[in-house]
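Residue numbers (my numbering): 3 to 187.
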Amino acid sequence: MRVQIGRFSVQLWQGVVPAHLDQLMQRSDLAETHGHLNGRQDEDGALFCAAVTPDGGGWPALFVAQRSAPDVPGFDPGVLIVPETGLVLIGAGERLLAYRLDDPPVRLWEDHTEVGFWWWDRQGEVVLMAAELELAAWDLSGRKRWSMFVEPPWSSSVQNDHIHLNVMNHLSQFSLAAGSAPKEP
3 MRVQIGRFSV QLWQGVVPAH LDQLMQRSDL AETHGHLNGR QDEDGALFCA
53 AVTPDGGGWP ALFVAQRSAP DVPGFDPGVL IVPETGLVLI GAGERLLAYR
103 LDDPPVRLWE DHTEVGFWWW DRQGEVVLMA AELELAAWDL SGRKRWSMFV
153 EPPWSSSVQN DHIHLNVMNH LSQFSLAAGS APKEP
């Protein structure tokens, strides 16, 4: 799959090795692998690859190939790009990765979330990450603002710069930016 986000082209592969993997690894400005790319899926998780190319053409600035588990519905890999800062966030399985598309691109950090990643969501100046057991926020440069434990079933919504959180029918709300201790609504 290939999508265009502003000036960035993002190409994604799930469950298959890209036919031109060797060229992607050699010609990308930054190429990383996590796990055995040719391992058995039931043993190592599903293969997920992402290539990010700024300004429309040529070889990617960033190529990441990794195995991710769990590989079941609801735990799909995700990519979020913040165009104004060049931040690229990748979540797959229990691995979270952050890159900045400088010249050359650099990895900012690698983080871990228990059980599995769900999604990224940009809310103004904050990027939220949802996982099975965690809700966390980063700024647009990739610095973590806060993180909290959640337990399924849980859901959240953002209204007026506050997160409204429902964890096992326990309702709370708190500042999106500060992530202060939850308060009863």
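We put the beta carbon where it would ideally sit given N, CA and C, even for glycine.
Is the beta carbon of residue 8 sitting closer than 8 Å to the one on residue 62? no
Provide the residue span of the alpha helix (DSSP H) that contains residue 24, from first to last. 23 to 29
If we count the other Cβ atoms within 10 Å of its Cβ and call it buried at 16 or more, is residue 132 buried or exposed? buried
Could you spell out where the beta strand (DSSP E) holding residue 35 opens and where it closes? 32 to 36
Buried versus exposed, by CB contacts within 10 Å (16 or more), residue 140: buried
Would residue 191 be called buried (16 or more neighbouring beta carbons within 10 Å of its own) or exposed? Coverage of the chain is limited to positions 3 through 187, which leaves residue 191 absent and any answer about it impossible.
Using C-beta distances below 6 Å, list every residue in its chain close to residue 134, excluding the 5 sequence neighbours before and after it, in chain order. 117 and 118
Could you tell me the alpha carbon to alpha carbon distance between residue 3 and residue 87, rounded to whole angstroms? 24 Å
Just how far apart, CA to CA, sit residue 33 and residue 26? 8 Å
Run through DSSP, which three-state label would residue 177 get? strand
Report yes if the C-beta distance between residue 67 and residue 35 is below 8 Å; otherwise report no. yes
Please classify residue 43 as buried or exposed, where buried requires at least 16 neighbouring CB atoms within 10 angstroms. Per-residue confidence for residue 43 stands at a pLDDT of 48, beneath the threshold of 50, marking its modelled position as unreliable; the derived number appears in the next sentence. Per the 10 Å Cβ criterion, exposed.
Distance between beta carbons of residue 95 and residue 47, contact taken as under 8 Å: 6 Å
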